[in-house]
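Protein chains in written order, with the numbering used here: chain E, 1030 to 1241; chain B, 1030 to 1241.
In structure tokens, the structure reads:
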């Protein structure tokens, strides 16, 4: 049975799940969600795909999951990969996935949306500046943590890496400058040099180019 | 061995861990962190307590954990409580803990801080209004989910409840009006009627009253 992932290229949260699926070796296929056309707000999407209107949604037979961190956890159970090698690493992975949801991807995703997918005259400048200041603290923390490390947890790629990198490969500007954070830069290269890695718009259907 | 929780009354994230400890029946004691006096930014705190400067930190013998969701997960493993009764519920609990980190507590905590713990002339009005608008969507989603349910996941109190309620009992105003969300209001009463429940400033040391 091929796993289905409801997703669209612009979603870094969907990318976290798609990249974990792709690198796990499990059989999967993307199902394009027309987010910018309003599909996640339609009654059909709410009743048939996800009552909370979220993306990504993973369907594997009878199992239907949302939240990228939950989908990653399921992929780890099913594939034996990316979950950490013991209880301590598993908790460390969860710690960084939660930190990412709280401090990094939530802020990066929102700021990228405000700066790139809203008309210039609707962009809340004070909110963008505030978010960027908080993001700087998050980048600095991650960059320090990666000093002397190849991966965020333990000595191999885990869901901690696959979560925190979710928005950091996108080409649209949101204030993140890889060259200012050499440990993050080297770590992103390490992930993208992993066999099978693909950039967001190569891994999932839909991109800003479709809408121009 | 008594579990130690480094915390302070104003922290809703610390409250999530403290409330889980208190209701689990495990032996624990709070250790006050002087956040407003700058303790989490001192070299001693960074080297001896938590290199990321976070609160809460739980210490149980050799185990030292941060992130309230990780601490709750550990308490569930140790006590057998609040983690969900099978794999499906466990994933649903994780889903709501992640949602809370992404959409509810992160926004509520920040907004409450900006509105109550910064001087009036330093409060970023546009950021506060933006956050409150996003929080309204989160309250509405949670209120809808709780329609016809007693608890967020399954038929008993879980970490999903103990995470999402983290900032909702505090007396300081941040734009949350319980009476506008009757299902949330009833659910908060259900949690606070649980034997052993305490309000944040009764469960942890330190409160705004100490600083006036």
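For glycine and all other residues, C-beta sits at the position ideal for the given N, C-alpha and C.
Asked, Found
"Alpha helix (DSSP H) segments (min. 4 residues) lying fully within the segment 1033 to 1107 of chain E", "1041 to 1053"
"From 1081/B, 1202/B, 1077/B, 1229/B, residue whose alpha carbon lies closest to that of residue 1194/B", "1229/B"
"Validate contact between the segment 1110 to 1119 of chain B and the segment 1079 to 1089 of chain E using beta carbons, cut 8 Å, 3 pairs", "no"
"Below-8 Å beta-carbon distance, residue 1130/B vs any chain E residue", "yes"
"Of the listed residues 1211/B, 1181/B, 1149/B, 1202/B, nearest to residue 1161/B (C-alpha basis)", "1202/B"
"Bounding residues of the alpha helix (DSSP H) (the contiguous stretch that carries residue 1154/E)", "1154 to 1174"
"Closer than 8 Å to chain E by CB, residue 1120/B", "yes"
"Sequence-distant residues of its chain with Cβ nearer than 6 Å to residue 1056/B (five each side left out)", "1031"
"Residue 1242/E versus residue 1241/E - alpha carbon distance", "Past the boundaries of the shown model lies residue 1242/E; chain E is included only from 1030 to 1241, so the question cannot be answered."
"Cβ pair count under 8 Å reaching 3, the segment 1102 to 1111 of chain E against the segment 1163 to 1170 of chain E", "no"
"Neighbour list for residue 1161/B in chain E, Cβ cutoff strictly below 9 Å", "The premise fails here: residue 1161/B is roughly 12 Å from chain E at the closest Cβ pair, so nothing lies under 9 Å."
"Residue 1145/B versus residue 1199/B: straight-line alpha-carbon distance, rounded", "11 Å"
"Residues of the segment 1082 to 1113 of chain E with Cβ closer than 9 Å to any Cβ of chain B, in chain order", "1082, 1083, 1092, 1094, 1095, 1096, 1097, 1098, 1099, 1102, 1103, 1106"
"Residues within the segment 1168 to 1187 of chain B neighbouring chain E, beta-carbon criterion of under 7 Å", "1170"
"Candidates 1231/B, 1038/B, 1120/B, 1053/B: closest to residue 1107/B by CA position", "1053/B"
"Cβ pair residue 1112/E, residue 1188/E closer than 8 Å", "yes"
"Own chain partners of residue 1121/E with C-beta closer than 6 Å, once the 5 adjacent residues on each side are dropped", "1182"
"Close-in-space but distant-in-sequence residues of the same chain around residue 1196/B (CB under 7 Å, 5 per side omitted)", "1041, 1134, 1137, 1138, 1141"
"Through-space distance from residue 1213/B to residue 1175/B, alpha-carbon basis", "7 Å"
"Test: residue 1048/E CB closer than 8 Å to a CB of chain B", "no"
"Rounded separation between residue 1046/E and residue 1231/B - CA only", "41 Å"
"Cβ neighbour criterion (16 or more within 10 Å) applied to residue 1077/B", "exposed"
"Alpha-carbon spacing of residue 1035/B relative to residue 1149/B, whole angstroms", "29 Å"
"Closer than 8 Å to chain E by CB, residue 1135/B", "yes"
"Contacts around residue 1125/B, its chain only, beta-carbon distance under 6 Å, and the 5 residues preceding and following it disregarded", "1181, 1189"
"Proximity of residue 1234/B and residue 1038/B at Cβ, strictly below 8 Å", "yes"
"Residues in the segment 1135 to 1156 of chain E having any Cβ partner in chain B nearer than 7 Å", "1135, 1153, 1155, 1156"
"Inter-residue CB distance, residue 1239/B and residue 1192/B (contact presumed, cutoff 8 Å)", "Incorrect: roughly 26 Å between the Cβ atoms, too far for contact."
"Residue 1145/E: first and last residue of the uninterrupted alpha helix (DSSP H) it sits in", "1134 to 1145"
"Backbone CA spacing between residue 1109/E and residue 1172/B [nearest angstrom]", "36 Å"
"Test: residue 1191/B CB closer than 8 Å to a CB of chain E", "no"
"Chain B contact for residue 1123/E (CB, 8 Å cutoff)", "yes"
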